[in-house]
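There are 2 protein chains.
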Amino acid sequence: MKAKKQHGHPEAILQAAGIRPTRQRTALAALLFDGCDKHMTAEQIHAAVRKTKARVALATVYNTLHQFTAAGLLHEVMIDSNRVYFDTNIGNHHHFFDEATGELHDIPADNIHIARLPKTPPGRKLDRVDVIIRLRAAAR
Amino acid sequence: MKAKKQHGHPEAILQAAGIRPTRQRTALAALLFDGCDKHMTAEQIHAAVRKTKARVALATVYNTLHQFTAAGLLHEVMIDSNRVYFDTNIGNHHHFFDEATGELHDIPADNIHIARLPKTPPGRKLDRVDVIIRLRAAAR
DNA sequence: GCTTCATTTTAGAATTATTCTAAATTATGT
DNA sequence: ACATAATTTAGAATAATTCTAAAATGAAGC
Numbered sequence: 096m097k098a099k100k101q102h103g104h105p106e107a108i109l110q111a112a113g114i115r116p117t118r119q120r121t122a123l124a125a126l127l128f129d130g131c132d133k134h135m136t137a138e139q140i141h142a143a144v145r146k147t148k149a150r151v152a153l154a155t156v157y158n159t160l161h162q163f164t165a166a167g168l169l170h171e172v173m174i175d176s177n178r179v180y181f182d183t184n185i186g187n188h189h190h191f192f193d194e195a196t197g198e199l200h201d202i203p204a205d206n207i208h209i210a211r212l213p214k215t216p217p218g219r220k221l222d223r224v225d226v227i228i229r230l231r232a233a234a235r
Numbered sequence: 096m097k098a099k100k101q102h103g104h105p106e107a108i109l110q111a112a113g114i115r116p117t118r119q120r121t122a123l124a125a126l127l128f129d130g131c132d133k134h135m136t137a138e139q140i141h142a143a144v145r146k147t148k149a150r151v152a153l154a155t156v157y158n159t160l161h162q163f164t165a166a167g168l169l170h171e172v173m174i175d176s177n178r179v180y181f182d183t184n185i186g187n188h189h190h191f192f193d194e195a196t197g198e199l200h201d202i203p204a205d206n207i208h209i210a211r212l213p214k215t216p217p218g219r220k221l222d223r224v225d226v227i228i229r230l231r232a233a234a235r
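Which chain is which? The protein sequence lines are A and B, in order.
Letter by letter, the first sequence follows residues 96 to 235 in the numbering used here.
Letter by letter, the second sequence follows residues 96 to 235 in the numbering used here.
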């Protein structure tokens, strides 16, 4: 296994990322970093954490997701003008987006090979390459 | 001779796309389909059309951009949660996104070659493949 | 265990982009 | 020109996200 999934205690993950593990952050980390890749919106994460006993304000969910993103624990995936997903898979990979259902699925990085990438303009460095394969319902 | 890409009168372009060329639509088409590739938000387009003598309501700009998109005259590019660009380049191409400046630049399709595209899931057809190369200021 | 101070969380207000609504205008067919 | 259907419009409504300032919590020292 190449890239190791996030697992272990949520608190340890936060410590390692230099984020103070408060009750709310730990609850969110426990939910997000359970070893399974997820694509969730802030609202979905808010709903999910409220199903556990923890109470976390929506504003805190947003704050925390942005902190996690800045720390490299999450990626934001911009797919649709009114859907921003936070992706717990921070390894190199790409996405299928099903426009019929709004679902997002991972594509392992080695299933796509990009040749002839243009050179990066001067004074810039490559941050990342997003590939989104958009799908629609097949005609029949 | 004029530009090689979109050519002909704006009205002809609309007719060909099966869109009735009203005054507002013609004004927007004239602005957008002048042969130069553009990436503009609805607000930018609204501001630009108001600089000409034409008066077009913002709601009409939105309606019209969506009609043009549905007709294949424009593409929407989703880059950033609060930046939706309408792209007048409807040919096969990709984008550099400069996170430092918020600018979007075209990459001709043949500058990127994607091999080993995964197979499309059953019941779905491939709509399009978006490649976004995200750039940041270079470290030094 | 308490006190202090910085950090974090919170509810609700504010903001922003976009969509909706229903009335007014404009275009098309006869 | 007339009737009818399509389009445009201003402003209200919506939805996601951010902001604000006050309250709660956490860490460090006594």
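Just so you know, even glycine gets a beta-carbon here, dropped at the ideal spot from N, CA and C.
Inter-residue spacing [alpha-carbon to alpha-carbon] between A:Asp-205 and A:Gly-186: 11 angstroms
Along the stretch 219–230 of chain A, where does the CB come closer than 9 angstroms to a CB of chain B? Name the residues. Arg-219, Lys-220, Leu-221, Asp-222, Arg-223, Val-224, Asp-225, Val-226, Ile-227, Ile-228, Arg-229 and Leu-230
Helix, strand or coil at A:His-104 [DSSP, three-state]: coil
Within the chosen definition, does the stretch 219–228 of chain B reach the stretch 227–234 of chain A through at least 3 CB pairs nearer than 8 angstroms? yes
Interface positions of the stretch 170–192 of chain B facing chain A (Cβ-Cβ less than 8 angstroms), listed along the chain: Glu-171, Met-173, Ile-174, Asp-175, Ser-176, Val-179 and Phe-191
Determine, using beta carbons only, whether A:Lys-97 comes closer than 7 angstroms to chain B. With a pLDDT of 45 at A:Lys-97, under the threshold of 50, the modelled position of that residue is not reliable, and the figure given next carries that caveat. It does not: the Cβ of A:Lys-97 has no partner Cβ on chain B nearer than 7 angstroms.
Any beta-carbon of chain A closer than 7 angstroms to the one on B:Asn-158? no
I'd like to know whether the C-beta of A:Ala-210 is nearer than 7 angstroms to at least one C-beta of chain B. yes
Same chain, Cβ closer than 8 angstroms to B:Val-144, neighbours up to 5 away in sequence not counted: Ala-122, Leu-123, Leu-126, Val-151 and Val-156
What does a CB cutoff of less than 6 angstroms around B:Phe-163 pick up in its chain, not counting 5 residues either side in sequence? Leu-169
Spatial neighbours of B:Thr-159 within its chain, please: C-beta separation below 7 angstroms, excluding the five flanking residues on both sides. Gln-119, Arg-120 and Leu-123
Please go through the stretch 96–173 of chain B and give each complete alpha helix (DSSP H) segment of 4 or more residues, from N-terminal end onward. 105–111, 118–127, 137–146 and 153–165
Whose Cβ in chain B lies nearer than 9 angstroms to the Cβ of A:Thr-215? Phe-191, Ile-228, Leu-230 and Ala-233
Any C-beta of chain A sitting closer than 7 angstroms to the C-beta of B:Gly-103? no
Leaving out five residues before and five after B:Asp-182 in sequence, what residues of the same chain have Cβ atoms less than 6 angstroms from its Cβ? His-134, His-170 and Val-172
Does the beta carbon of A:Ile-202 come closer than 7 angstroms to any beta carbon on chain B? yes
Cβ-based neighbour list, A:Ala-98, same chain, cut-off 6 angstroms, excluding 5 preceding and 5 following: For A:Ala-98, the pLDDT reaches just 45, beneath the cut-off of 50, and the residue's location in the model is therefore unreliable, leaving the point undetermined.
Just confirm the distance between the C-beta atoms of B:His-190 and B:Asp-201, as a whole number of angstroms; I'd bet it's less than 8 angstroms. 6 angstroms
A:Arg-37 lies in the beta strand (DSSP E); which residues open and close that run? Residue 37 of chain A is absent from the structure shown; chain A starts at 96 and stops at 235.
Could you list which residues in chain B have their beta carbon closer than 8 angstroms to that of A:Glu-194, in chain order? Asp-222
Skipping 5 residues on each side, what residues in its chain have a beta carbon closer than 7 angstroms to that of A:Met-96? Confidence at A:Met-96 is low in this model, with a pLDDT of 46, below 50, so the placement of that residue should be treated as unreliable; the coordinate-derived value is given next. Here the set comprises nothing.
CB B:Ala-195 to CB B:Ala-165, shorter than 7 angstroms? no
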